[in-house]
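Structure first, commentary second.
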Amino acid sequence: MSTTPDTIVLLPEDELPLLPPRTPLRRPVAGLALAFCLGIGLGLEIPGTPLIVLATGGAFALLALLWRQRGIADFLLAASLACAGWAQATLVAHNPSAREITALLARPAEYVAVLGEIRDAPTGQRDDRTGEMIWTFPVRLEGLRRITHWQRAAGEIEGRIRVAGSVTPPQFGERWLLTGLLGPYQRWRAGGETPAGYRLAADFVASRRLAEAHASLYGLCLETRAACADLLGRGLEKFPEQTGLLRAMMLGTREDIGDALFRDFSVTGTLHIIAVSGTHVAVIALLLLAILRTAGLTQPYWFFGLAPLLTFYTLMTGLAPSAIRACIMALLFWIGPLLQRRPDGLLALAWSAILILAWDPTQWLDMGFILSYTAVLGLLLFYPPLAACVRRGLSADPWQLQAEARSRRWARATARYVILLAATSLAACLATTPITARYFNLISPVALLANLAVVPAAGLMMVLGCLTLVGGALWLPLAGIFNSANLLVITFITRCTEWSAVLPGGHFFVRSPGWPVIAVYYALLAAALLGGPRTRRGLVVGLVFLFGSFVWHAATDRNLAIHLWRLGDATVALVDAPGGDKLLVNTGPRILARDLLRRIHAEGVGQLRALVLTRGTTAQAGGACELLRQVPTRELWLTSGSAPPETQLCAQRQNVTERHLEAGQLFPLAGGAELEVFHPAHGLRTRRVEDRALIFRIARGPLAVLFLNDAGGGALAQLGARPAEPAASFVLAEKIEALPPASWARLATRAVITPASEHRETQEAQATLEHSGLRLWRMAEGTALHIRWPDDRYRARKTPITLDPSPTTPTTF
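For any residue, its number in the numbering used here is found by taking its place in the sequence shown, counting from 1, and adding 721.
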């Protein structure tokens, strides 16, 4: 029997048979999850009547069952789920119960005693000045006492207690009687403060433990975490920073990471590796799958081995939103083979969002939740097309007759791996950049480069960490051996992060973009994802044009602004000149240093030309050291006695140049402005520090701001004795009573900006100024005032100010 070889017929490309297009996979759960999330957001912002909302949702669900048309039925079902989310968020965030804190407190803040149970392991932070530990923990309320009688209470608050370093803090499951000041606290979001809950600043002496913790699964998980933390520290006692990073990656505990290293991870876009998330759960799952496969368990039954172990690991890491999301997604992904269904990442993401928000709707306000889901959604949507382009570009030539050399195959495989890793980072950055820009005022182009080195090293670090835990449990010396090997990987990660953080142009701060800008950005991404090649080319051209316009505007910007903030007992000013001429006048107290940093970054300022200190008091310059460590600063401007010795020592450590200012000096600023110093005079000798305070004026054209700050009567008298008084449009002064109204009228042509005061003498002086016809602006603590010179036209905007004009009405001069 003869055989003939198969004949291969090559057809021209235009004669190839057309295949039917692939039907897109329908994912109705994704739409339902979006509707549920919208309902949650609506319930958090606009509380409704739960019964009415639930009845409306039930009516929508009934209509969806009865309606025959598919599209309308889907819409009704989505509306029903949105109503369910609205009702759930209303009940949780706006609980009408009389036992809630909002109903029990008669004033915004009260000194009370509360009875409650500690609901999680405490997190600690050491006070560098006193050596004490500040422990923070959630408390589930059972009762509240104001003066004499107890009231039943419900809900959860944040407890904070200060103890000596050797004292054991409250532990999970213990019942405590805590006494202290209870009041609301806020979090910084998109350039402003938003309510976040209630916090009790407890007095340790007046508080006491009532009952020990009872046995529970979560308590067992926390005990296991403590034992694992001890194993991960074996042999690394001399490397506390590296130990803290290892524990953060493996167990989710961040309290041992230093502020400088945490900042480096934040600005380089690599902070995700120290938050237990998909990468960590994936490494754990792969190790577990290897064990299950070795044990002979087939794929449909892997779920039964993964589910309890991943759940235990998630509980052990503290139930962070990213860890819960990753655990639920992994379980939903691997339950597919058990149910004979193909795993789908987008469906797993949608179901995890529904389950988490149904359990705790307030997660919708948590930035970790939003960033985690946005990043994963970006990976699911943008990585496949990017990866397809990479594979097409780096695939071998199918028509090549000769076998490809091994070196070329290795080179191609290496290039494919590196570029695919970069595509992964790019997909996540494309999705999260607008959110980080709005809520953290940060854009980090270096993240693409940093993740190429950090992510693979983090995976290796996780594997070695798992070997430490397993080996240390079998034989304790193995923990030290694996930790010593892991030290090299940890050091590599920290060095890469530190180098990326100082890379010029690697990251920069921006003002929060508006929601319309964010909507346009995501619309362009959607068009690029769904459109054809022509649409994508047009979008690329448009984005290049927009980027060029942004660069041109930044290069030609001549706007000058002065931002004033009342922090504690000090008025802090940020002189925002074009380019790199950014000056910060005073810092406020040390306790508000982080608040000041957030305000500076919210104005798009990431580095300073100079920090100007008018006096050396803790109220004016207490946060100087923290600011010099966090914000790159070129110079420190001061006078004799206007900077504490520790501030000057911090400046020397940060290589900041000191410049002593004297009367007569003139400093040009970008945008046509100049700074002129009026006090102190050269060789001035006085015992009173307030009489050596710095007085200067910033002017551009006919408009100027005179900074008297907290200068004493002697300094103001010397200023008034000048042949020509330095008049200005606005005068910033602390001590109104130090000069008569006639002198203020000569100094200020527009208004005097002064802090709101409860002192009778100051109030009388302020009233006298107002009666004389001079406009007076009082700044209460926490308020802000913004002075701008756009296009040589002066405009002041206040948010909020205790005096007219109203906070929402801009005033133009």
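Even for Gly, the Cβ is constructed at its ideal location relative to N, Cα and C.
Distance from the CA of Glu-933 to the CA of Phe-1203, rounded to the nearest whole angstrom, comes to 36 angstroms. Taken through DSSP and simplified to helix, strand or coil, Thr-1470 comes out as strand. The shortest CA-to-CA distance from Leu-862 to any of Thr-844, Gln-846, Phe-1268, Gly-894 is the one to Gly-894. The three-state reading of DSSP puts Asp-1118 in coil, since its state is none of H, G, I, E or B. Within a 10 Å sphere around the beta-carbon of Cys-942 sit 16 or more other beta-carbons, which makes this residue buried.
Residue pairing by DSSP places Met-854 opposite Arg-847, Val-884 in a beta bridge. Here Thr-989 is near Ser-1221, since their CB atoms are less than 8 angstroms apart.
Excluding its 5 nearest sequence neighbours in each direction, Pro-1021 has C-beta neighbours in its own chain below 6 angstroms: Pro-1058, Leu-1059, listed in chain order.
For Asp-924 and Met-854, the gap between their C-alpha atoms comes out near 13 angstroms.
Burial is judged here by how many other beta carbons sit within 10 angstroms of a residue's own beta carbon; Ala-1074 has at least 16 and is buried. With a threshold of 16 other beta carbon atoms within 10 Å, Tyr-1094 meets it and is buried. For Cys-1150, the closest C-alpha among the options Leu-1195, Tyr-1243, Met-1183, Arg-1129 is that of Tyr-1243. Excluding sequence positions up to five before and after Leu-775, its CB lies within less than 6 angstroms of the CB of Ala-808, all in the same chain and listed in chain order.
The beta carbons of Thr-1470 and Ser-1450 sit about 6 angstroms from each other, so the pair counts as a contact at 8 angstroms. Shown here for Ala-814: same chain residues with a beta carbon closer than 8 angstroms to its own, the five before and five after excluded, namely Gly-764, Leu-765, Pro-768, Pro-1082, Thr-1083 in chain order. Counting every other CB atom within 10 Å of its CB across the protein chains shown gives Ile-1312 a total below 16, marking it as exposed. Per the DSSP secondary-structure output, Phe-1451 pairs in a beta bridge with Val-1426, Ala-1472.
Of the residues Gly-1269, Ala-875, Pro-1299, the one whose Cα lies closest to the Cα of Ile-1283 is Pro-1299.
Between the stretch 1114-1129 and the stretch 1066-1080 there are fewer than three inter-stretch CB-CB distances shorter than 8 angstroms, so the stretches are not counted as touching. A direct Cα-Cα distance of roughly 37 angstroms separates Phe-1266 from Thr-1215. Collapsing the DSSP output to three states places His-1228 in coil. Considering only Ile-882, Ala-1124, Tyr-1160, Ala-1179, the residue with the shortest C-alpha distance to Pro-843 is Ile-882.
One Cα belongs to Arg-873, the other to Trp-897, and the distance between them is close to 15 angstroms. A direct Cα-Cα distance of roughly 42 angstroms separates Ala-1152 from Ala-1340. Taking a cut-off of 8 angstroms for Cβ pairs, the stretch 1365-1374 and the stretch 1388-1404 do not touch, as fewer than three such pairs fall below it.
Less than 8 angstroms divides the Cβ of Ala-1394 from the Cβ of Ile-1419.
DSSP places Thr-1019 in no alpha helix (DSSP H); its state is neither H nor E. For Glu-1347, there is no enclosing beta strand (DSSP E); the enclosing alpha helix (DSSP H) covers residues 1345-1351. Residue environment: Cys-1110 is assigned as exposed (fewer than 16 neighbouring CB atoms within 10 Å of its CB, all protein chains considered).
Taking all protein chains shown into account, Lys-1456 has 16 or more neighbouring C-beta atoms within 10 Å of its C-beta and is therefore buried. Residue burial is scored here from C-beta neighbours: Trp-1120 has fewer than 16 other C-beta atoms within 10 angstroms and is therefore classed as exposed.
For Ala-1291, the CB contacts under 6 angstroms within the same chain, skipping 5 residues up- and downstream, are Asn-1307, Gly-1309, Ala-1340, Gln-1341 in chain order. Looking only at Ala-1454, Arg-929, Gln-1061, the smallest Cα-Cα distance to Leu-1490 is reached by Ala-1454. Contact between Ile-1012 and Ile-995 does not hold, since the beta-carbon distance rounds to 26 angstroms and is not under 8 angstroms.
As the crow flies, the alpha-carbon of His-1228 is around 39 angstroms from that of Leu-903. In the same chain as Ala-1136, and ignoring 5 residues on each side of it, the C-beta atoms closer than 8 angstroms to its own belong to Leu-1115, in chain order.
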